[in-house]
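Residue numbers (this note's numbering): 18 to 256. C-beta: ideal position from N, C-alpha, C; glycine also.
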Amino acid sequence: MPHRDRLRPIDLAREHGLSTQAVRNYEDDGILPPAPRTPHGFRQYTPLHAQALRTFLALRTGHGHQDAAAIMRAANTADHDTVLRLVDDGHARTQRDRTTLDQVTTALHGLLTDDPTPPPHPLTIGALAHQLRIRPATLRAWERVGIVHPDRDPTTGHRRYDADTVRDAHLAHQLRRAGHPLPQIAEVIAHIRHAGGTAPLQQALDGWRTALNHRARAMLAAAGHLARYLDLTGPTPEP
18 MPHRDRLRPI
28 DLAREHGLST
38 QAVRNYEDDG
48 ILPPAPRTPH
58 GFRQYTPLHA
68 QALRTFLALR
78 TGHGHQDAAA
88 IMRAANTADH
98 DTVLRLVDDG
108 HARTQRDRTT
118 LDQVTTALHG
128 LLTDDPTPPP
138 HPLTIGALAH
148 QLRIRPATLR
158 AWERVGIVHP
168 DRDPTTGHRR
178 YDADTVRDAH
188 LAHQLRRAGH
198 PLPQIAEVIA
208 HIRHAGGTAP
218 LQQALDGWRT
228 ALNHRARAML
238 AAAGHLARYL
248 DLTGPTPEP
């Protein structure tokens, strides 16, 4: 091996502010390819290992540690089909998250622009169902999964839906029309209750969009590192 191509663990570690133990751990985990050893057992890394580490750290930012590690292990065994499938899966998840974010944002915007006038007194289950054009049984199903939490009349035991619960029901109705499952809707409604209204939820959605865009950009950056690494380890055969 030419001397200029010999790299120590500290050489790889310094570039990224890592410990030498972290570099060794990455090799032991299959994230870096096996390094040749000196007669005394010292690891001798190469520019290939340096690119592998750059690629993994870039992938980790966009795909997360577990998926980035799986991609690198597949790359190190020349299993390019698995590499590309895992990358495609990551992009598909990001697209699903973006679609969900867009649908929740649209539903929230519809609630804010068409916000029903708060009832002067709590609504009965029949009145709210009529307002939403759904069956009372639907509201009872939403209650069972935690989407709405009506009070009970202390005398009759009948359900009573106050202004906040009516708001929750309207947002749930919009999200159901967009195809979201009930457990996911219950989670969104819980965020609204915890935040104290829809305005804090809008801030949370803005933060989610920022994080999603950051992840997508990181995936783009990682793709360049990964393409270079695959070329170094052997190009994907042409069809």
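Range of the contiguous alpha helix (DSSP H) that encloses residue i
i    : result
A154 : P153 to R161
F73  : P64 to H80
R41  : T37 to D45
L29  : P26 to H33
DSSP-derived helix/strand/coil call for residue i
i    : result
D96  : coil
G143 : helix
L237 : helix
R60  : strand
L103 : helix
P256 : Residue placement at P256 cannot be trusted, given a pLDDT of 48 that sits under 50; what the coordinates show is reported in the next sentence. Three-state result, P256: coil.
R232 : helix
H197 : coil
I48  : coil
H138 : coil
D22  : helix
Contacting residues, own chain, Cβ-Cβ under 7 Å from residue i (five flanking each side not counted)
i    : result
A87  : L103
D170 : R177
P167 : E160, R176, R177, Y178 and T182
P136 : A180 and V183
L249 : L65 and Q68
Residue nearest to residue i in terms of C-alpha spacing, selected from the options
i    : options                   : result
E44  : R60, H33 and E32          : R60
G163 : H175, A195, A154 and I206 : I206
V165 : A69, T172, H138 and E204  : E204
V121 : L65, Q219 and A67         : Q219
Q148 : P171, P167, H187 and R161 : H187
Y178 : A154, G143 and R161       : G143
D185 : T72, L199 and T172        : L199
G79  : D28, R110 and D22         : R110
Q68  : W159, H97, A221 and P50   : P50
G81  : D248, H231 and R245       : H231
Q112 : H138, M236 and E32        : M236
R194 : W225, G174, T172 and R150 : R150
H197 : H108, L118, G58 and N93   : L118
L229 : H208, L125, D114 and A92  : D114
Identity of the residues DSSP links to residue i by a beta bridge
i    : result
D168 : R177
R54  : R60
Check: residue i C-beta below 7 Å from any heavy atom of the ligand FAD
i    : result
D170 : Inclusion of the ligand FAD in the displayed structure is not the case, the ligand content being empty and no account of it being possible.
Residue-chain proximity (residue i, chain B), Cβ-Cβ < 8 Å
i   : result
A86 : In the structure shown, chain B cannot be found, because there is only a single protein chain.
Spatial neighbours of residue i in its chain, beta-carbon cut-off 6 Å, leaving aside the 5 residues before and after
i    : result
I202 : I164, A189 and L192
R71  : H242
P53  : Q61
M89  : I48 and F73
L222 : T122
Neighbourhood of residue i by C-beta distance below 8 Å, restricted to the same chain and skipping five residues each side
i    : result
A146 : R152, P153, T155 and L156
D22  : T63 and P64
A39  : A30
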